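All the letters of the sequence shown, read from the start, carry residue numbers 2 to 299 under this note's numbering.
Structure first, then comments.
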Amino acid sequence: MTRLPQIALLSDGRRLHLQDGPIDVIVEARGRADAVRAAYEAAARRFTGLLDELCAELPELRTAAVGRTSLTGVVARRMHAAVAPYAADCFITPMAAVAGSVAEEILGAMLGAATLDQAYVNNGGDIALHLGEGEHFSVGLMDRPDRDGVLRKLRVYSGDPVRGIATSGRHGRSFSLGIADAVTVLAATASQADAAATVIANAVDLPGHPAIIRKPANELQPDSDLGVRLVTRDVGELSQNEVAAALESGAECARQLFDRGLIEGAVLQLCGDMLVIGTKDIEEQRTRPLMLENAVYA
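Next up, the structure:
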């Protein structure tokens, strides 16, 4: 019996929900009614069968991204390209960019079918953006993603070089080698943001700390691409200095990626503390901070 994805408008009549196995996507487009309808139809067409495409190449997608790839699918190759800049320095597989790459693919199908004022594809918190001239997109950030906390807003404007937003950390759907509550990255594309968020979140860490509980990834999920690598399961009480040290470790990683042009900005969160790495204004060739209220800027 053929498995069909679940595709339906949400109750608000504005957003489209696409779900197939582990892929759970929310889409919203703004523009003329006929354009939005055409974009949603294109999103549904491209979504159908996308999971099967990825599953067909899953063994290689779960293998460390080193050297050339024999991957053939457009999304699979995008995943590999997104993680390739990190392959020489750390263990990383194309799966680190799967959510952002899928979001990009759906958005691309929509924009190929219609002219829209604004659109986003949110794949479990990893977001691909389209912003027409004069448009902006607001992102909400909780200071403690693992519990109730203060909501801060981050705005991306059409003139910014940001079209991808992704979050990684120990509370997410995937395993993390680090202890960050959340690392949110802004980048030129969703796939690039997804890969970088994974790398930076892994760098927010206190190796060997007795309050941090770690387990081999394959004991928790036998088919994990991380194999026997230790992933964070719990973080006990940390001193203020320890929190600052872990955040600074991740911030230094984020600064290096910023300098390499791999990201446009990052927000790092741990135990209620937050660091923000600035974004580049390409047109004016200067550095300016992200538009984030009540944050500590690094």
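Glycine residues also receive a C-beta, built at the ideal position from the N, C-alpha and C atoms.
Everything numeric in this text was worked out from a predicted model, so none of it was measured.
Which first and last residues belong to the beta strand (DSSP E) in which residue i is found?
i      : result
ILE213 : 213 to 217
LEU10  : 7 to 10
ILE128 : 127 to 132
MET275 : 274 to 278
ALA183 : 183 to 188
GLN119 : 119 to 124
LEU231 : 231 to 236
THR94  : From DSSP, THR94 is part of no beta strand (DSSP E); its letter is neither H nor E.
GLY165 : 165 to 169
Using a Cβ-Cβ cutoff of less than 6 Å, which residues in the same chain neighbour residue i once the five nearest sequence positions on both sides are dropped?
i      : result
VAL157 : PHE138 and VAL163
MET2   : Here MET2 scores only 46 on pLDDT, less than 50, and its place in the model is too uncertain to base an answer on.
ASN123 : ILE27
LEU187 : VAL163, ILE166, GLU265 and GLY266
ILE8   : LEU19 and ALA45
ALA218 : PHE176, SER225, LEU227, ARG230 and VAL232
ASN242 : none
Label residue i either buried or exposed according to how many other C-beta atoms from any shown protein chain fall within 10 Å of its C-beta, with 16 as the threshold for buried.
i      : result
LEU10  : exposed
ALA302 : Nothing about residue 302 can be reported from this structure: the residues present for the chain run from 2 to 299 only.
LEU5   : exposed
GLY170 : buried
ARG261 : exposed
GLU285 : Any reading at GLU285 needs caution, since the residue's pLDDT is 28, under 50, leaving its predicted position unreliable; the model's value is listed next. Exposed, because fewer than 16 other Cβ atoms sit within 10 Å of the Cβ of GLU285.
ILE283 : In this prediction, ILE283 has a pLDDT of 28, which is less than 50 and means its spatial position is unreliable; nothing more can be read from the coordinates.
ASP226 : buried
ILE107 : buried
LEU221 : exposed
ARG15  : exposed
VAL229 : exposed
ASP224 : exposed
THR116 : exposed
CYS56  : exposed
ALA110 : buried
PRO95  : buried
ALA104 : buried
ALA34  : exposed
ASP161 : buried
GLY68  : exposed
Quick one: give me the first and last residue of the alpha helix (DSSP H) that residue i is part of.
i      : result
GLY367 : Because the chain in this structure spans residues 2 to 299, residue 367 falls outside the shown range and cannot be described.
ILE201 : 191 to 204
VAL268 : From DSSP, VAL268 is part of no alpha helix (DSSP H) but of the beta strand (DSSP E) over 266 to 271.
SER102 : 99 to 114
Suppose the cutoff is 7 Å on Cβ atoms and the five residues either side in sequence are ignored; what does the same chain contact list for residue i look like?
i      : result
GLU294 : Any reading at GLU294 is ruled out, since the residue's pLDDT is 49, under 50, leaving its predicted position unreliable.
ALA252 : LEU269, LEU276, ILE278 and ALA299
GLY125 : ASP25, ALA100 and ARG174
SER250 : ALA204, VAL205 and ASP206
LEU248 : VAL205, LEU269, LEU271, ASP274 and LEU276
ARG234 : ILE214, ARG215 and LYS216
ARG256 : ILE278
ILE180 : ARG171, VAL205, ASP206, LEU207, ILE213, THR233, VAL236, ALA247 and LEU271
Closer than 8 Å by C-beta to residue i: which residues in its own chain qualify, once you throw out the five before and the five after it? Chain order, please.
i      : result
VAL297 : Note on VAL297: pLDDT 48, under 50, position unreliable in the model; the coordinate value appears next. Excluding sequence neighbours, VAL297 sits near ASP274, MET275, LEU276 and VAL277.
ILE93  : ALA65, ALA66, VAL84, TYR87, ALA196, THR199 and VAL200
ARG78  : THR70 and LEU72
CYS91  : VAL200 and ASN203
ALA114 : ALA39, ALA40, GLU42 and ALA43
ALA212 : VAL236, GLY237, GLU238 and LEU239
GLU134 : SER159
ALA82  : SER192
GLU54  : GLY74, VAL76 and ALA77
- Query: Below 8 Å, can you find three or more Cβ-Cβ pairs linking the stretch 180 to 197 to the stretch 127 to 137?
  - Reply: Under the Cβ criterion (8 Å, minimum of three pairs), the stretch 180 to 197 counts as touching the stretch 127 to 137.
- Query: Where in the stretch 5 to 90 do unbroken runs of the beta strand (DSSP E), each at least 3 residues long, occur, reported from the N-terminal end onward?
  - Reply: With a minimum length of 3 residues, the continuous beta strand (DSSP E) runs that stay inside the stretch 5 to 90 are 7 to 10, 16 to 21 and 24 to 31.
- Task: Count the C-beta pairs between the stretch 48 to 60 and the stretch 10 to 23 that are closer than 8 Å, then say yes if the count reaches three, no if not.
- Result: yes
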